[in-house]
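Read the structure below first, then the notes.
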Amino acid sequence: MSHGGSEAIAQDRNQGRSMVISHNGIVAAESPLAAQAGAQILERGGNAVDAAVAANVMMGLVAPMSNGIGGDLFAIVYDAKSGKLYGLNASGWAPAGLTIDFLKSQGFRDMPQQGIQSVTVPGAVDGWQKLLDRFGKKKLSEVLAPTIRTAGDGFPITEWISGLWAANADFLRGNEAAARTYLPDNQAPALGQIFRNPDLARSLRLIAQGGRDAFYKGGIAKSIVETSRRHGGTLAEKDFAEFSSEWVDPISTTYRGWRVYEMPPNSQGLAALEMLNIMETFPLDKSGLNSAATLHTMIEAKKLAYADLIRYIGDPKFSTLPVSQLLSKEFASARAKQIDPNKANCNVGPATSLPGSSTIYLSTVDRDGNMVSLIQSNFGDFGSGVVADGTGFVLHNRAALFTLDSASPNALAPRKRPLHTIIPAFMEKGNVRIAFGIMGAWNQSQAHAQFVSHIVDFDQNIQSALETARFTKMTFQGCDVQLENRVAGNVRSELEGKGHVLRMHNGFSNTFGGGQAVMRDFATGVNYGASDPRKDGAAVPELPSPNP
1 MSHGGSEAIA QDRNQGRSMV ISHNGIVAAE SPLAAQAGAQ ILERGGNAVD
51 AAVAANVMMG LVAPMSNGIG GDLFAIVYDA KSGKLYGLNA SGWAPAGLTI
101 DFLKSQGFRD MPQQGIQSVT VPGAVDGWQK LLDRFGKKKL SEVLAPTIRT
151 AGDGFPITEW ISGLWAANAD FLRGNEAAAR TYLPDNQAPA LGQIFRNPDL
201 ARSLRLIAQG GRDAFYKGGI AKSIVETSRR HGGTLAEKDF AEFSSEWVDP
251 ISTTYRGWRV YEMPPNSQGL AALEMLNIME TFPLDKSGLN SAATLHTMIE
301 AKKLAYADLI RYIGDPKFST LPVSQLLSKE FASARAKQID PNKANCNVGP
351 ATSLPGSSTI YLSTVDRDGN MVSLIQSNFG DFGSGVVADG TGFVLHNRAA
401 LFTLDSASPN ALAPRKRPLH TIIPAFMEKG NVRIAFGIMG AWNQSQAHAQ
451 FVSHIVDFDQ NIQSALETAR FTKMTFQGCD VQLENRVAGN VRSELEGKGH
501 VLRMHNGFSN TFGGGQAVMR DFATGVNYGA SDPRKDGAAV PELPSPNP
């Protein structure tokens, strides 16, 4: 891929901003404050893991609709010393009392999408502790400190955040504690307004003092359980006390000489890899970047991969999942044969036989080459809409992704984890390593595949690969496709001629998610950072240490 050589010097380039380049660490996050919090941790002797946690904690304050300590977390860590990748699944489980029969007895015919019954045990805080205990150099209290201070002092609301906040004001008014926490004077904070969250600062201080047990075995869990009881929920103190996130091995495939890694089920990462395997059977580099042929192939590959994801994937602790079969090149070749190059398939189904989520993403790299790809989420904007009194954070609604169909591998069950939309990613070839991710619910796997193709097939650098116009399609059924209007008009016409029903979006639309990426060239020791203009974010370098 291109690091940004002579073509990047030309005046007419295909990206709006430059990559950040440094021989020290870089933090790329959806908020400059979060990126700065991580960079400061690097400057104070922390490593990429410390910086990732610090940035994540800050994101929970400045973008509370998208993430926070009431949500889940996945991370991929590259340990430069061993040269190995480690995956952390910090997604929470359903309460022991939350069953299909219970919900049906309450009159539910489908999984509730909001409210207390949509809440699983949040996994983020345990995830932070696990990351720091295994790979960090700093204490949890040290990486929480910048956010505790900022929550008390306040911060100005940024552009994307102000719009999302305002759009959810009525939803927040449905919960008294949520409105009290997030709607000063009963209104969403406006662009540039200073917002403070003293309750969140108090919760973070408790965690700083008592570690993860302060959340799962202390007063915070008790407050959440009491709130659940008042709202008719089933969360119990045991659900929190017995929860633990787990280390897992990332799954991977190859794409034209690169190896691409995603998180295993219960995440949707497998769909990105299956999509890449299908795309690999087509000569996309000859079709051209965002040509009708390339986009058509990607869209159809997406439908096939997502149909298989929804049909076959859930929590591996509860059923045997055909991961190796779905990732085989032979299976991808068979699925690729179902793509008609001239016609969109509006009725895609899962393979009938197999061979023998509102979210934030951030990435970090330090001067030693350690890298973190981390994603954290409430799922929906402001999650369940439920805030436990005095805690200062909203509880996510991740249980909404279960199904009440008992035959599905993703059927609701006590202590089960739902199929997850959030996925961090990583790719490598030779001396180059890239930690990347693009948030946006079911958009994520297809956005990952597009990012990889932009780099591998079209020799883009990581900034250009993030900025290039994207498509998205949230389901595998039908022929509707959402597309940014930066795609050429003749390409749109050709796609419509193949049967795609286009819904256009202006410029750099948040509909297509927002990505971050960091890259290290181990041959030179130089780091690169990129941040998607579809968000308020930035890639911030660690300042060089002063000479002694």
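The sequence shown maps to residues 1 to 548 in my numbering. Glycine included, each C-beta is placed from N, C-alpha and C at the ideal position.
| Check | Outcome |
| --- | --- |
| Starting from Met474, follow its DSSP beta bridges and name the residues at the other end. | Looking at the DSSP assignment, Met474 forms no beta bridge with any residue, so it has no partner. |
| Evaluate contact between the region 483-490 and the region 502-511, counting only Cβ atoms and requiring at least three cross-stretch pairs below 8 Å. | yes |
| Rounded C-beta distance between Glu467 and Pro424? I'm assuming under 8 Å. | So it is not a contact: roughly 20 Å between Cβ atoms. |
| Just reading off the alpha helix (DSSP H) that Leu42 is part of, what are its end residues? | 32-43 |
| Going by C-alpha distance, which of Ala214, Ala530, Arg415, Phe331 is nearest Val121? | Arg415 |
| Looking at the structure shown, is Gly163 part of a helix, part of a strand, or coil, going by DSSP? | helix |
| Express the C-alpha separation of Leu543 and Glu30 in angstroms, rounding to a whole number. | 20 Å |
| Is Arg180 helix, strand or coil when you go by DSSP? | helix |
| Just to confirm my understanding: we take Val248, look at its own chain, exclude 5 residues before and 5 after, and list those with CB closer than 8 Å. What are they? | Gly87, Leu88, Asn89, Met263, Pro264 |
| Could you tell me the distance, in whole angstroms, from the CA atom of Asn527 to the CA atom of Asp213? | 36 Å |
| Are the CB atoms of Val49 and Leu131 within a distance shorter than 9 Å? | yes |
| Looking at the unbroken beta strand (DSSP E) that takes in Pro541, where does it start and where does it end? | 538-541 |
| Within the same chain, show all residues whose beta-carbon is closer than 8 Å to that of Arg173, passing over the 5 residues directly before and after it, in chain order. | Ala179, Leu183, Asn186 |
| Considering only residues of the same chain and omitting the five flanking positions on each side of Met19, which have a CB-CB separation below 7 Å? | Gly4, Asn461, Ile462, Gln463, Tyr528, Gly529, Ala530 |
| Measuring straight from C-alpha to C-alpha, what distance separates Arg259 and Phe108? | 43 Å |
| Report yes or no: do three or more beta-carbon pairs, one from the region 449-457 and one from the region 380-390, lie closer than 8 Å? | no |
| How far does the alpha helix (DSSP H) with Ala214 in it reach, from first residue to last? | 212-216 |
| Measuring only the C-alpha atoms, how far is Met298 from Phe379? | 25 Å |
| Between the Cα of Ile220 and the Cα atoms of Ala305, Gly390, Gln40, which residue gives the shortest distance? | Gly390 |
| Do the CB positions of Arg367 and Leu42 come within less than 9 Å of each other? | yes |
| If we ignore side chains and look at the alpha-carbon of each, how far apart do Ser453 and Gly515 end up? | 15 Å |
| Tell me which residues share the same chain as Glu246 and place their Cβ nearer than 6 Å to its Cβ, disregarding the 5 neighbours each side in the sequence. | Asn89 |
| Here's a check: name, in chain order, each residue in its chain whose Cβ is nearer than 6 Å to the Cβ of Phe282, leaving out the five neighbours to either side. | Thr297 |
| Buried or exposed: Thr475, going by 16 or more other Cβ atoms within 10 Å of its Cβ? | exposed |
| Taking Cβ positions, are Ile422 and Gln444 nearer each other than 9 Å? | yes |
| For Pro156, which three-state DSSP category applies? | strand |
| Cα separation between Ala307 and Leu270? | 12 Å |
| Where does the unbroken beta strand (DSSP E) through Arg311 begin, and where does it stop? | No beta strand (DSSP E) contains Arg311, which is instead part of the alpha helix (DSSP H) from 292-312. |
| Quick check on Gln40: buried or exposed, where buried means 16 or more other Cβ atoms within 10 Å of its Cβ? | buried |
| Should the region 368-375 be called in touch with the region 156-171, which here means at least 3 C-beta pairs below 8 Å? | no |
| Per DSSP, what kind of secondary structure is Asn347 in: helix, strand or coil? | coil |
| When DSSP labels each residue in this structure, what does Trp128 get in the three-state scheme? | helix |
| Where does the unbroken beta strand (DSSP E) through Phe74 begin, and where does it stop? | 72-79 |
| When you compare the CB positions of Asn67 and Ala145, do they come within less than 9 Å of one another, or not? | no |
| Considering His500, what are the terminal residues of the beta strand (DSSP E) in which it resides? | Premise fails: His500 is in no beta strand (DSSP E) and is neither H nor E. |
| Identify the continuous beta strand (DSSP E) that holds Val59 and give its terminal residues. | According to the sequence shown, residue 59 is Met rather than Val. Here Met59 belongs to no beta strand (DSSP E); instead the alpha helix (DSSP H) covers 48-62. |
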